[in-house]
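K.L.:
Let me give you the structure first, and then I'll get to my questions.
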Amino acid sequence: MKVDILYFAWVRERVGLSQESYQTSAATVADLIAELVTRDEGYAAAFADLSAICVAVDQELSDFAAPLADCREVAFFPPMTGG
Amino acid sequence: MKVDILYFAWVRERVGLSQESYQTSAATVADLIAELVTRDEGYAAAFADLSAICVAVDQELSDFAAPLADCREVAFFPPMTGG
Amino acid sequence: MSARVQEAAFDAAAEAAAFQSAVTQSGAVVSFTGVVRDDTGSLDYMFIEHYPGMTLAALEKFADQARVKFGLEKVLVIHRYGRLQSGEAIMMVVTAARHRKDAFAGADYLMDYLKSRAPFWKKEVSQGSATWVAAKDQDEAALAEWSPNSAAKES
Amino acid sequence: MSARVQEAAFDAAAEAAAFQSAVTQSGAVVSFTGVVRDDTGSLDYMFIEHYPGMTLAALEKFADQARVKFGLEKVLVIHRYGRLQSGEAIMMVVTAARHRKDAFAGADYLMDYLKSRAPFWKKEVSQGSATWVAAKDQDEAALAEWSPNSAAKES
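What follows is the structure in structure tokens.
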């Protein structure tokens with residue numbers, strides 16, 4: 011399965027990318043993160059504290075247990091600070 | 011003692027006056043009302059339901075037990091509806 | 010001076026803009042505008058009576074109370090009297106605070122005081138017949154919630 | 010459309026005036042404006058990043074939720090992204106309702122959602138050094154109070 015992964019704010023800065031197309035067989039968001047952190051130090055640093063990471067699946071706020079089947083876009087970012 | 015009495019909204023309409031100078035020896039607001047209601051039907055109608063009457067003594071919101079000694083201005087009106 | 014009482018119409022947008030440009034410390038600005046509404050489609054006009062000797066001092070007092078209670082940087086209260094048509098602004102309150110909750114609470118608090126403790130009385134004239142607007146129990150209840158003995162609303 | 014996401018500055022006073030002139034049923038209009046503040050006197054600028062594919066839909070969703078929950082006649086949300094200077098308006102929310110408590114609560118509710126659930130991230134750049142603004146526990150707590158299981162804030 012090919013999925014677009016987006017990174018925002020300091021997650022983007024640590025990963026060093028704002029967007030990438032990624033081939034994965036991860037079943038859930040948690041599985042995807044487990045794959046990503048093995049890729050290099052940037053990913054490891056970005057996901058070092060999972061309590062500081064939020065996720066959106068296909069542009070809806072979601073959680074780490076969410077399944078990735080049929081999903082096209084996953085976004086990782088810190089807690090939002092709008093307003 | 012001479013005191014200016016002011017009337018507002020439907021209290022004014024029932025009394026038929028917006029302001030008068032009144033000679034009284036009433037010790038409290040309640041005493042003053044007791045005098046006024048004997049004067050004519052307009053006053054009696056204005057003060058028929060005391061739960062619907064508010065009072066200000068010298069331009070400060072007050073109550074019927076308030077003393078009138080040294081006071082210069084007493085105002086009677088229905089509950090306020092600003093805003 | 011934080012308060013104005015006037016018969017003339019005011020430009021709520023211009024007032025809010027001037028207020029905001031004078032704010033230097035606050036990240037949060039809340040405004041409330043009260044507008045004459047014609048619920049029945051039969052309102053000729055609204056007439057607002059007030060107590061000239063008392064009104065401005067009362068508004069200034071409530072503005073000061075709100076400023077102290079919520080640590081507001083700046084407060085503005087404008088309230089009209091006289092004859093108003095449907096759609097016209099009756100009054101406005103603007104508050105500025107460092108934190109948004111204080112700006113909201115300050116404006117809400119001021120409105121509760123203006124509704125029930127500022128010496129204004131509204132009369133609606135519809136098809137030639139005049140009715141004094143009755144005070145609402147819920148307005149008195151809203152005011153009571155700010156008292157130190159109430160469980161609600163205190164921060 | 011109740012929401013706009015834009016890089017360009019907006020005129021909060023003109024937006025509020027246009028909003029109010031389009032309101033026909035409501036006697037109460039509440040606006041909130043968030044402004045960039047330079048607490049330390051050393052802010053070069055604020056940078057707001059957002060998630061373009063998601064932002065507008067999120068704002069529209071929160072505006073709809075507020076409209077339904079508080080019976081609002083009209084809602085407006087404007088939120089900027091990009092580079093902002095101290096004193097510039099970041100965003101504004103305007104609500105119109107028949108009763109003032111609903112207009113206040115609607116704006117307060119929307120602000121709580123925008124603070125913690127809209128995909129914006131603020132970075133402060135001061136003397137060449139950039140810091141991402143941390144989310145506040147109190148913002149998350151404020152949001153939790155609107156949930157049906159919370160004792161507070163429900164009417």
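Protein chains in written order, with the numbering used here: chain A, 11 to 93; chain B, 11 to 93; chain C, 10 to 164; chain D, 10 to 164.
Here a beta-carbon is modelled for each residue, glycine too, at the ideal position from N, C-alpha and C.
Predicted, not measured: the structure shown is a model, and the values here were computed from it.
#1: Going residue by residue through the region 64-113 of chain C, where are the continuous beta strand (DSSP E) segments of at least 3 residues, counting only ones entirely within it?
#2: Near B:Gln69, what residues of its chain come up, given a Cβ to Cβ distance below 7 Å and the 5 sequence neighbours on each side ignored?
#3: Going along the chain, which residues of its own chain have a beta-carbon closer than 6 Å to the beta-carbon of C:Ala116, five neighbours each way excluded?
#4: DSSP on C:Val53, reduced to helix/strand/coil?
#5: Which chain C residues sit within Cβ distance under 8 Å of D:Arg46?
#6: Is DSSP giving B:Ala23 helix, strand or coil here?
#7: Got a sec, what are the start and stop residues for the alpha helix (DSSP H) C:Val14 sits in?
#8: Considering only the alpha carbon of each residue, which of A:Ile15, A:Leu71, A:Ser28 and A:Ala66 lies closest to A:Glu45?
#9: At the 8 Å Cβ level, is B:Leu71 part of the contact set with chain C, yes or no?
#10: Tell me whether A:Gly92 is buried or exposed, calling it buried when 16 or more other Cβ atoms sit within 10 Å of its Cβ.
#11: To the nearest angstrom, how far is the alpha carbon of D:Leu85 from that of D:Leu119?
#12: Keeping to the same chain, check which residues put their C-beta closer than 6 Å to that of C:Arg76; ignore five residues upstream and five downstream.
#13: Leaving out five residues on either side along the sequence, give the residues of the same chain with a beta carbon under 8 Å from the beta carbon of B:Met90.
#14: May I ask you to report which of helix, strand or coil DSSP gives C:Ser164?
#15: Any C-beta of chain B sitting closer than 8 Å to the C-beta of C:Pro157?
#16: Going by DSSP, name the residue or residues bridged to D:Gly115.
#17: In three-state DSSP terms, what is C:Glu8?
#18: Use the C-beta contact count for C:Glu16: other C-beta atoms within 10 angstroms, 16 or more gives buried, fewer gives exposed.
#19: With DSSP run on the structure shown, which of helix, strand or coil describes D:Ser35?
#20: Tell me the DSSP secondary structure of D:Tyr122 in three-state form.
#21: How do the region 122-139 of chain C and the region 43-59 of chain D stand: do at least 3 beta-carbon pairs fall below 8 Å, yes or no?
#22: What is the C-beta distance between D:Ala114 and D:Phe71, in whole angstroms, given that I count them as a contact (C-beta under 8 Å)?
#23: How about C:Gln29: is its C-beta nearer than 8 Å to some C-beta of chain D?
#24: How is the beta strand (DSSP E) around A:Phe86 delimited, first residue to last?
#25: Return yes when the Cβ of C:Arg126 is within less than 8 Å of the Cβ of C:Ala67, no when it is not.
#26: Tell me whether C:Arg89 is buried or exposed, calling it buried when 16 or more other Cβ atoms sit within 10 Å of its Cβ.
#27: At a cut of 8 Å, does the region 16-32 of chain B reach the region 48-61 of chain B through at least three beta carbon pairs?
#28: Short check: CB of C:Val44 to CB of C:Ile99, under 8 Å?
#29: With DSSP as the reference, label D:Glu154 as helix, strand or coil.
#30: Tell whether a beta-carbon distance below 8 Å holds between C:Ala22 and D:Ala25.
#31: Around the C-beta of B:Glu30, are 16 or more other C-beta atoms found within 10 angstroms, so that it is buried, or is it exposed?
#32: For the region 131-151 of chain D, enumerate the residues whose C-beta is nearer than 7 Å to any C-beta of chain A, in chain order.
#33: Using three-state DSSP, classify B:Phe18 as helix, strand or coil.
#34: Which same chain residues end up closer than 7 Å to D:Lys162 when comparing Cβ atoms and leaving out the 5 residues on each side of it in sequence?
#35: To which residues of the same chain is B:Ala55 closer than 7 Å at the C-beta, ignoring the five residues directly before and after it?
#36: What residue range does the beta strand (DSSP E) around A:Tyr32 cover?
P.N.:
On the basis of the data shown:
#1: Within the region 64-113 of chain C, the complete beta strand (DSSP E) runs of at least 3 residues are 83-89, 91-93 and 98-106.
#2: Cβ within range, chain order: Glu83.
#3: The residues are Val39, Phe41, Val102 and Thr104.
#4: Note that residue 53 of chain C is Asp in the sequence shown, not Val. In this structure, C:Asp53 counts as strand in the three-state DSSP scheme.
#5: Near D:Arg46 (Cβ distances below 8 Å), the residues of chain C are Gln34, Ser35, Gly36 and Arg107.
#6: The amino acid at residue 23 of chain B is misidentified as Ala; the sequence shows Glu. If DSSP states are grouped into helix, strand and coil, B:Glu23 belongs with the helices.
#7: Note, C:Val14: premise wrong, no alpha helix (DSSP H); beta strand (DSSP E) at Ala12 to Gln15.
#8: A:Ile15
#9: yes
#10: buried
#11: 10 Å
#12: Once the five neighbours on either side are set aside, the close Cβ partners of C:Arg76 are Val84.
#13: Cys64
#14: Legend: pLDDT at C:Ser164 = 43, less than 50; position of this residue unreliable, value from coordinates given subsequently. Residue state, collapsed to three classes: coil.
#15: Taking Cβ atoms only, chain B never reaches closer than 8 Å to C:Pro157, which makes this a no.
#16: For D:Gly115, which the question treats as bridged, DSSP gives no partner whatsoever.
#17: Outside the modelled stretch of chain C, which goes from 10 to 164, sits residue 8 of chain C, for which no answer is possible.
#18: exposed
#19: In this structure, D:Ser35 counts as coil in the three-state DSSP scheme.
#20: helix
#21: no
#22: That pair is no contact at about 14 Å.
#23: yes
#24: Glu83 to Phe87
#25: Closer than 8 Å, so yes.
#26: buried
#27: Three or more Cβ pairs drawn from the region 16-32 of chain B and the region 48-61 of chain B lie within less than 8 Å of each other, which places the two stretches in contact.
#28: yes
#29: D:Glu154 falls in the coil class under three-state DSSP.
#30: The answer is yes: Cβ separation under 8 Å.
#31: exposed
#32: Lys131, Trp141, Val142 and Ala144
#33: coil
#34: Residue confidence is low: D:Lys162 scores 48 on pLDDT, short of 50, so the model does not pin down where it sits. Its coordinate-derived value is still stated next. Cβ within range, chain order: Glu154 and Trp155.
#35: Arg24
#36: Gln29 to Gln33
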